[in-house]
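Residue numbers (the UniProt record's numbering), protein chains in the order written: chain D, 1 to 110; chain A, 1 to 240.
Yeah, the Cβ is synthetic: ideal placement off N, Cα and C, and Gly gets one too.
Structure first, commentary second.
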């Protein structure tokens, strides 16, 4: 099983997929409960982000077999999206400026 | 897995692992990502480009939401459904999430049975994936219909900031398109698997190349990616 490569492809026990499937269900339920129970503030945002990252990680690592790919491919695919965070920081700063000028010159009205 | 393979000695097929492997792969004079087929590598690179597209959409949404002076509608209430006289927040979205996750589960198992050359189980599981995907799109059509009836447009909505409408239709619409295309490809591939194309090495009608079961995994990469994008949309658009 561990030697499977290229020709025989990604071979992993079905049980592993079942476990991940179950975990994704549980994590989605938790995300939903955050909203259902009306949790607010920093706890809400951190819980939502935590469950989101755990779910995304499970999908990429196990379902998409990234955990077993060549390191060069892993770096080539996973590193560039991290740079989106830089873009997020830029745009967050830009939006703060936009909303500030809107409030200053348009008075907050529509 | 290649963990057991150490640096190349007399055997040219053995490749180094770890960071040495990264350097060896990327500096190789032939093709990068040794042992990764071109089909799989190309799907990953396509998905990377798709990541940037969805990333830009979500960024545009973030920028619009952060810079508006008008209150953003509360998605928890907007997407609530009244079931049995009781208003349940986000229930349709939660069900859609579970449907899509289940489709990812069946797809992962289809890939597994594909590599075992069990064409009946593979085709059946791919068909189940397609049905779940179509169910998702159907529920999204229901959601769109409901919101359009309530007056949501790309330029306005009854609950506040107009940008909510454009963000909603852009993001969920683009994702729904991905799911629909995925369902179509799943059906085409399921037919090929069912017919035994990859056992008989039948040539494809378009490329006239012989296919093999790896295409199920490549198809799976696309499908899991669609589920992956939904994880982010669920968190940022519906829960945030």
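Q: Return the CA-CA distance between residue 112/A and residue 10/D, expressed in angstroms with no decimal places.
A: One C-alpha to the other measures close to 7 Å.
Q.
Between residue 70/D and residue 192/A, how many whole angstroms is the CB-CB distance? I'm expecting something under 8 Å.
A. In this structure residue 70/D is not in contact with residue 192/A, their Cβ atoms being roughly 28 Å apart against a cut-off of 8 Å.
Q: Compare the beta carbon distance of residue 199/A and residue 101/A with 9 Å and say whether it is the shorter of the two.
A: no
Q. Along chain D, in chain order, which residues have C-beta atoms closer than 9 Å to that of residue 122/A?
A. The premise fails here: residue 122/A is roughly 12 Å from chain D at the closest Cβ pair, so nothing lies under 9 Å.
Q. For the candidate residues 171/A, 157/A, 190/A and 225/A, whose alpha-carbon lies nearest to that of residue 211/A?
A. Of 171/A, 157/A, 190/A and 225/A, the residue nearest in Cα terms is 190/A.
Q: Indicate whether at least one CB of chain D lies closer than 9 Å to the CB of residue 45/A.
A: yes
Q) According to DSSP, is residue 6/A helix, strand or coil? A) Since pLDDT at residue 6/A reaches only 48, below the 50 mark, its modelled position is unreliable, and the value read off the structure follows with that caveat. Residue 6/A: coil per DSSP, three-state reduction.
Q: Tell whether a beta-carbon distance below 9 Å holds between residue 77/D and residue 53/A.
A: no
Q: Kindly indicate the opening and closing residues of the alpha helix (DSSP H) around residue 74/D.
A: 71 to 82
(Q) Does the CB of residue 89/A have a neighbour CB from chain D at under 9 Å? (A) yes
(Q) For a quick check, are the C-beta atoms of residue 167/A and residue 132/A less than 9 Å apart? (A) no
Q | 7 Å Cβ cut-off: residues of chain D touching residue 32/A | A | 72
Q.
With three or more C-beta pairs closer than 8 Å as the rule, is the region 86 to 101 of chain A touching the region 29 to 39 of chain D?
A. yes
(Q) If I follow the unbroken alpha helix (DSSP H) through residue 214/A, where does it start and stop? (A) 214 to 233
Q: Keeping to the same chain, check which residues put their C-beta closer than 8 Å to that of residue 74/A; ignore five residues upstream and five downstream.
A: 159
Q: Compute the Euclidean distance between the alpha carbons of residue 7/A and residue 19/A, then round it to the nearest angstrom.
A: Legend: pLDDT at residue 7/A = 45, less than 50; position of this residue unreliable, no value from coordinates given.
Q: May I have the straight-line CA-CA distance separating residue 17/D from residue 68/A, to the nearest angstrom?
A: 43 Å
Q: Would you mind reading off the limits of the beta strand (DSSP E) that contains residue 82/A?
A: 81 to 83
Q. Where do the ends of the alpha helix (DSSP H) carrying residue 86/A lie?
A. That residue, residue 86/A, is in no alpha helix (DSSP H); its beta strand (DSSP E) goes 86 to 88.
**Q.** Limits of the unbroken alpha helix (DSSP H) element including residue 238/A
**A.** Note, residue 238/A: premise wrong, no alpha helix (DSSP H); not H, not E.
(Q) Give me, in chain order, the residues of the same chain whose beta-carbon lies closer than 7 Å to that of residue 87/A; leave out the 5 immediate sequence neighbours on both sides. (A) 80
(Q) Going by DSSP, what residue range makes up the alpha helix (DSSP H) through residue 95/A? (A) 91 to 115
Q) Straight-line CA distance for residue 110/A to residue 138/A? A) 23 Å
Q) Interface residues of chain A around residue 104/D at Cβ under 9 Å? A) None at all; the shortest Cβ gap to chain A is about 10 Å.
(Q) What are the residues in the region 83 to 100 of chain D lying within 8 Å of chain A by C-beta distance? (A) From the region 83 to 100 of chain D, only 84, 87, 88, 91, 92, 94, 95, 96, 98 and 99 have a Cβ closer than 8 Å to chain A.
Q) Hey, would you say residue 105/A sits closer than 9 Å to residue 217/A, going by beta carbons? A) no
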